[in-house]
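These notes are about the structure you will find just below.
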Amino acid sequence: MMRGAQASNEYTSNSLACHSCVPSPAPDEILVKLEYSGLCHSDIHAWKGTPSTIKREKRVEGHEGTGIVTAVGSEVEDISVGDHVGVQWVNKTCGVCEADKRADFLACPKAQMTGFSVDGTFGTCCVIQARHAVRIPKEYPLDTVAPIICAGTTCFRAVEETGVKEGDILAVVGPAGGIGSLACQYAKAHGCRVLAISTGGDGRILYKDRLRVDFYVDCNTSPDIVTEVRKLTGGGPDAAIMIEGTEALLEDAAKYIRPRGSIVVVGKPPENTTGLGMSNLLLRMGQIKSSPYGGSREQIEKAIEIFVKKNFYQSSHVISLDQLTQMLHTVYQRDSQGHSNGQSSRYESSLLGQATIKIPSFSESTRTEKTFPKPTFYQDSFNIGTYIGYRLEELGIRDFLAVPGDTNLVLLDNILKNPNLRMIGCCNELNGGYAADGYARTSPAKIAVLIVPYVVGALSALNAVAGACSQNIKIIVLSGCPTTGMLASRKFLHHAPSAANREQALDAYQGVTAASIRLQSAETAVQDLDDAISKCFASSLPIFIEVPNDIAGAACSSPSPFKIPETIIHTRRNEEAVNAITGTWNKSVKPVLLYGSLARRLLSAHDIEALADRLGCAVFCQPDGRCISESHPQYCGQLWNGLTNPEGEKVFMDSDLWLIVGANWCDFHSIFTSIDEEKSRMISIGKDWVELPDGTCIQDVDFATVVRQLIRSSMEFKHKSVPRPKPALGAKPPETEDLDSPLTLEHARYGIQNILRSGDTMLCDAGEAWFLANHLRLPPGTDCQIQMPYCSIGWALPAGLGAQLGRSQGRSIILIGDGGFQMTAQEVSTIVRQHLNPIIIILNNLGYKIETAVHDGPYNYIANWNYPQLAASLSASPHASSHNPYATKKQEYMESNPSLFTLQVKTQRDLKMALKRAYDEHDKLAFLELCIQPDDLSQEVRQLGEAFAQKNAEESSGSSGSSASKTPSATTSGSNSPRVGSPANTSV
9 MMRGAQASNE YTSNSLACHS CVPSPAPDEI LVKLEYSGLC HSDIHAWKGT PSTIKREKRV
69 EGHEGTGIVT AVGSEVEDIS VGDHVGVQWV NKTCGVCEAD KRADFLACPK AQMTGFSVDG
129 TFGTCCVIQA RHAVRIPKEY PLDTVAPIIC AGTTCFRAVE ETGVKEGDIL AVVGPAGGIG
189 SLACQYAKAH GCRVLAISTG GDGRILYKDR LRVDFYVDCN TSPDIVTEVR KLTGGGPDAA
249 IMIEGTEALL EDAAKYIRPR GSIVVVGKPP ENTTGLGMSN LLLRMGQIKS SPYGGSREQI
309 EKAIEIFVKK NFYQSSHVIS LDQLTQMLHT VYQRDSQGHS NGQSSRYESS LLGQATIKIP
369 SFSESTRTEK TFPKPTFYQD SFNIGTYIGY RLEELGIRDF LAVPGDTNLV LLDNILKNPN
429 LRMIGCCNEL NGGYAADGYA RTSPAKIAVL IVPYVVGALS ALNAVAGACS QNIKIIVLSG
489 CPTTGMLASR KFLHHAPSAA NREQALDAYQ GVTAASIRLQ SAETAVQDLD DAISKCFASS
549 LPIFIEVPND IAGAACSSPS PFKIPETIIH TRRNEEAVNA ITGTWNKSVK PVLLYGSLAR
609 RLLSAHDIEA LADRLGCAVF CQPDGRCISE SHPQYCGQLW NGLTNPEGEK VFMDSDLWLI
669 VGANWCDFHS IFTSIDEEKS RMISIGKDWV ELPDGTCIQD VDFATVVRQL IRSSMEFKHK
729 SVPRPKPALG AKPPETEDLD SPLTLEHARY GIQNILRSGD TMLCDAGEAW FLANHLRLPP
789 GTDCQIQMPY CSIGWALPAG LGAQLGRSQG RSIILIGDGG FQMTAQEVST IVRQHLNPII
849 IILNNLGYKI ETAVHDGPYN YIANWNYPQL AASLSASPHA SSHNPYATKK QEYMESNPSL
909 FTLQVKTQRD LKMALKRAYD EHDKLAFLEL CIQPDDLSQE VRQLGEAFAQ KNAEESSGSS
969 GSSASKTPSA TTSGSNSPRV GSPANTSV
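Start counting the sequence shown at 9; every next residue gets the next number (this note's numbering).
If you want it as structure tokens, here you go:
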């Protein structure tokens with residue numbers, strides 16, 4: 009479905025134009041899913057019905073859009089699906105005429121223009137000839153570069169058209185706004201001294217105070233503009249750019265410009281140019297010319313590069329497609345209310361280069377209830393094992409993790425009768441639990457299954473399940489169990505810790521699951537199973553089920569469709585919470601929004617973005633809660649006070665209200681902030697409670713329901729907290745580059761930043777990998793997962809295995825230290841055996857460096873392994889051809905032909921080559937050991953270590969009540985909730 013804002017030359021309200029199908033690109037074209045569009049002067053003229061812009065037929069307007077390529081024609085070579093591109097004014101040309109060959113595309117007789125002769129960028133998608141599509145690096149934010157495609161490039165070209173050289177004085181004449189701001193900054197980037205000529209306090213604030221131009225003249229207060237300009241500049245500027253080309257301003261410019269100077273009019277010049285002092289200008293060998301809107305692909309790409317790398321100030325604001333209608337009506341009202349042409353022109357010019365339109369994704373605009381499709385697996389008669397196999401398929405599970413043992417073999421036999429389920433055998437139960445954690449994070453089903461042996465296997469997996477509990481990860485742990493008869497006997501059962509203790513695993517799992525049960529009989533097993541699974545979904549927590557051997561094969565009824573019992577939602581309490589939040593929010597001045605890890609578990613991606621769009625404020629995520637597109641116009645980075653993103657932290661701390669959605673305040677999160685001291689400006693939304701700044705706690709609310717009602721509420725749009733420019737996100741290029749010098753963390757960060765692609769999942773182990781990830785800007789569609797607050801070292805490697813199994817596209821990019829890798833290294837063999845293609849990056853800094861930052865000692869140093877050789881050795885041809893009678897021919901071939909490469913990286917040159925190979929050979933496992941010098945620690949690791957060392961010292965001396973600014977707060981969001989410590993309230 010293609011939709012857009014279609015303007016009328018009769019000043020009627022814009023409407024959404026619906027087209028019956030998404031256009032298909034021609035062989036030389038690409039299809040772009042649009043995310044943002046700028047607003048151009050020609051859009052305003054077209055809407056007003058200016059004769060030169062009246063279209064031959066109705067078209068969706070707009071011609072400075074940014075988005076993501078979703079399809080490419082058969083002849084396109086330099087653009088791929090998933091690339092970020094811009095859609096410009098020139099949409100298609102013939103490619104053969106003389107005008108086309110000299111890049112004078114507007115003169116091509118077959119030229120088609122975006123938003124004029126073909127559908128434009130105020131819709132959800134459009135096509136453009138690939139040779140005219142603007143290639144945008146993925147680290148560039150799509151919202152901020154959209155206005156540069158036309159407005160910014162127009163200013164960039166205008167500076168070039170003047171012919172000025174470095175050190176020359178260039179005048180920029182016109183109203184305070186986006187175009188004038190960009191023209192001044194491109195002039196400064198060119199090396200010019202800048203004179204701004206504008207009007208009023210807004211002009212002085214923008215040009216003199218914000219942009220720090222060299223000279224400023226206020227047209228309203230200057231008694232003689234020509235004299236003042238000549239005096240300020242020592243004889244006049246060398247050239248002038250006229251943003252507002254009125255007759256009076258042009259006449260003044262013709263008088264104050266230096267001999268041989270040039271005047272460039274941006275856009276449409278005045279109709280009457282007689283009597284403007286042209287004879288005087290010509291006598292001084294000056295010239296006047298017009299600079300057209302936009303530019304070629306190469307000019308636009310250059311303008312964008314300068315804009316981003318020079319970190320231009322951009323006082324832009326993002327509006328919705330509906331708000332565009334209101335803005336255009338304001339233009340009309342100013343005309344109809346008798347404003348002069350000059351006043352209207354100044355108002356229109358102030359919008360250009362500033363207004364960015366967010367294109368809605370209509371495919372995500374409706375919410376549907378979760379349903380479970382009917383499995384294809386079916387049998388005439390079911391037993392408990394096949395019933396479980398049916399139910400797992402119904403839940404959307406395609407792979408399950410397992411470690412076999414004598415107590416779960418009957419269960420495994422019956423589950424494997426479902427051909428739609430694949431068993432992934434793990435090297436040990438702990439790794440299997442970590443892998444299940446990763447699978448549940450990335451799979452569409454958002455749930456995973458782990459099957460282990462009785463007690464020994466269950467207790468081995470317990471650590472991984474506890475970590476999943478800490479972040480509300482849904483895992484079904486099925487443990488084999490001796491028969492009911494054996495359990496009833498007095499025998500000392502193998503795997504049991506004592507003759508009397510048969511429930512050790514059941515008891516251990518009570519504290520980290522929503523249900524820990526043993527199936528007692530064939531008659532009640534079906535109901536008990538479904539009840540436990542329902543609790544898993546209702547709580548978003550793991551469950552543990554012991555299945556005795558005899559019950560696993562016991563006959564049972566055929567499965568009925570699985571239904572999660574309706575949650576009792578207290579409508580009145582939800583409404584009370586929404587009204588209280590709305591009232592507090594509307595009284596604030598500069599509020600901010602913070603997402604935590606619970607938001608990514610319980611909210612849809614659409615709801616997460618919709619709430620941000622609705623509120624308009626600056627948006628942040630906790631390090632473990634990165635759940636919104638980092639190209640979102642309001643996104644200001646991760647919040648980890650005192651450690652990362654200082655620009656964003658200042659915005660957050662300067663705000664007067666924090667709306668916190670699903671956040672977690674463990675001692676790591678609040679290392680430099682006392683949460684108790686900040687509660688007076690916090691609205692916290694937990695899993696089933698809301699706490700207000702005055703301490704009021706509203707209980708028994710539904711998290712997702714409250715958020716969806718806030719999206720539809722009367723909360724006011726508050727944009728003052730969004731800084732311009734936004735905090736700089738993403739790894740920056742190293743200042744120096746010596747390809748043969750030792751590898752550094754700085755170079756590793758920048759290299760990894762450049763291999764991230766849409767669809768990838770980055771999994772970062774506790775330690776230096778956390779902070780490396782926090783320096784990276786995630787491309788749209790890229791995910792980052794960390795295990796906080798549980799911080800189980802070694803988690804990332806097997807979790808990356810599970811994440812790779814769970815996602816249908818993209819790769820797991822696993823960042824792990826050498827110490828963490830040594831704890832779970834065996835699972836590389838499973839990755840190789842399954843022919844998976846993650847990128848495993850070992851940050852080998854020779855020990856537990858995050859521990860040395862806290863407290864050094866001999867216990868922090870470990871054996872150094874030959875990591876590349878180890879990985880290569882974890883798959884070998886079997887010494888007997890008949891070792892696995894259950895293997896298919898394909899499996900036998902895969903086992904004998906591992907698909908991987910391993911490299912040790914010591915220098916910057918090694919890194920470039922290794923990452924290029926990892927990208928080029930994307931179908932293989934890439935195993936990279938990055939040799940980092942032991943003293944090359946990030947500043948964040950040093951700060952974190954010092955803070956915890958101080959905390960430990962203070963607690964040891966009994967003085968833990970010292971300065972909250974340095975002592976980590978023990979307060980968690982869970983402590984604000986009733987029933988603290990119950991599994992259902994863990995990590996809310």
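Ideal Cβ positions, reconstructed from N, Cα and C, are used throughout, including at glycine.
What does the alpha-carbon distance come out to for the pair H347 and S816? Note that H347 scores a pLDDT of 48, beneath 50, so its modelled location is shaky; the value from the coordinates is reported in the next line. Cα-Cα distance, rounded: 58 Å.
List the residues that DSSP assigns as beta-bridge partners of S820. T769
Let me know the secondary structure DSSP gives I265 once reduced to three states. Coil at I265, not helix or strand.
Give the secondary structure of K100 by DSSP, where H, G and I count as helix, E and B as strand, and everything else as coil. strand
Excluding the 5 residues preceding and the 5 following C564 in the sequence, name in chain order all residues of the same chain whose CB lies nearer than 8 Å to its CB. F390, N391, I392, Y395, A530, A533, V534
In three-state DSSP terms, what is F315? helix
Report the three-state DSSP secondary structure of M293 (helix, strand or coil). coil
Would N594 be called buried (16 or more neighbouring beta carbons within 10 Å of its own) or exposed? exposed
Any chance the region 132-151 sits against the region 220-238, with 3 or more Cβ pairs inside 8 Å? no
CB A540 to CB A523, shorter than 8 Å? yes
Apply the 10 Å Cβ neighbour rule to I157 and answer buried if 16 or more other Cβ atoms are within range, or exposed otherwise. By the 10 Å Cβ count, I157 comes out buried.
Taking C-alpha atoms, which residue in F829, M690, Y301, V142 lies nearest to I308? V142
Proximal residues to S973 (C-beta, below 6 Å), its chain only, five neighbours per side dropped: Reliability fails at S973, whose pLDDT of 36 lies under 50, so the model's placement of it is uncertain and the value that follows must be treated cautiously. Closer than 6 Å at the Cβ level, and outside the excluded window around S973, lies no residue.
Can you tell which of I824, L854, G828 has the C-alpha that lies nearest to the C-alpha of P846? I824
Report yes or no: do the region 66-81 and the region 33-48 share at least 3 C-beta pairs separated by less than 8 Å? yes
When the distance is taken between beta carbons, is Y603 closer than 8 Å to V669? yes
Neighbourhood of D73 by C-beta distance below 6 Å, restricted to the same chain and skipping five residues each side: The sequence given here has Gly at residue 73, not Asp. Hits under 6 Å: L42, S45, V95, T129.
When the Cα atoms are used, what is the spatial distance from F223 to D826? 57 Å
Please determine, among R841, Y194, E83, the residue with the shortest C-alpha to C-alpha distance to R139. E83
Exposure label - D414; buried when at least 16 CB within 10 Å: exposed
What is the rounded straight-line gap between the Cα of H578 and the Cα of V709? 6 Å
Within 8 Å, strictly: CB atoms of P35 and Y321: no
Burial state of A585 (16 or more Cβ within 10 Å): buried
Rounded to whole angstroms, what's the CA-CA distance from D536 to L400? Just pull it up for me. Distance between the alpha carbons of D536 and L400: 15 Å.
Return helix, strand or coil for W593, following the three-state DSSP convention. helix
Own chain, CB closer than 6 Å to N439, minus 5 neighbours either side, in chain order: P806, T832, E835
Is there contact here, the region 417-427 with the region 468-480, by at least three beta-carbon pairs under 8 Å? no
In chain order, what residues of the same chain lie with their CB nearer than 6 Å to the CB of V460, ignoring the 5 residues before and after it? V411, E437, A466, A469, S487
Output the distance between the C-alpha atoms of P33 and N782, rounded to the nearest integer angstrom. Going from the Cα of P33 to the Cα of N782 covers about 38 Å.
Alpha-carbon spacing of D943 relative to K924, whole angstroms: 27 Å
For I822 and L718, believed in contact at Cβ under 8 Å, the rounded distance: That pair is no contact at about 36 Å.
Rounded to whole angstroms, what's the CA-CA distance from A560 to V418? Just pull it up for me. Cα-Cα distance, rounded: 6 Å.
Opening and closing residue of the beta strand (DSSP E) in which I691 lies: 690-693
DSSP three-state assignment for I997, whether helix, strand or coil: Nothing can be reported for residue 997: it is not among the residues displayed for the chain, which extend from 9 to 996.
Report the rounded CA-to-CA distance for S965 versus Q958, giving the unit in angstroms. 11 Å
Taking S837 as the reference, give the member of G433, F545, S497, G441 with the closest Cα. G433
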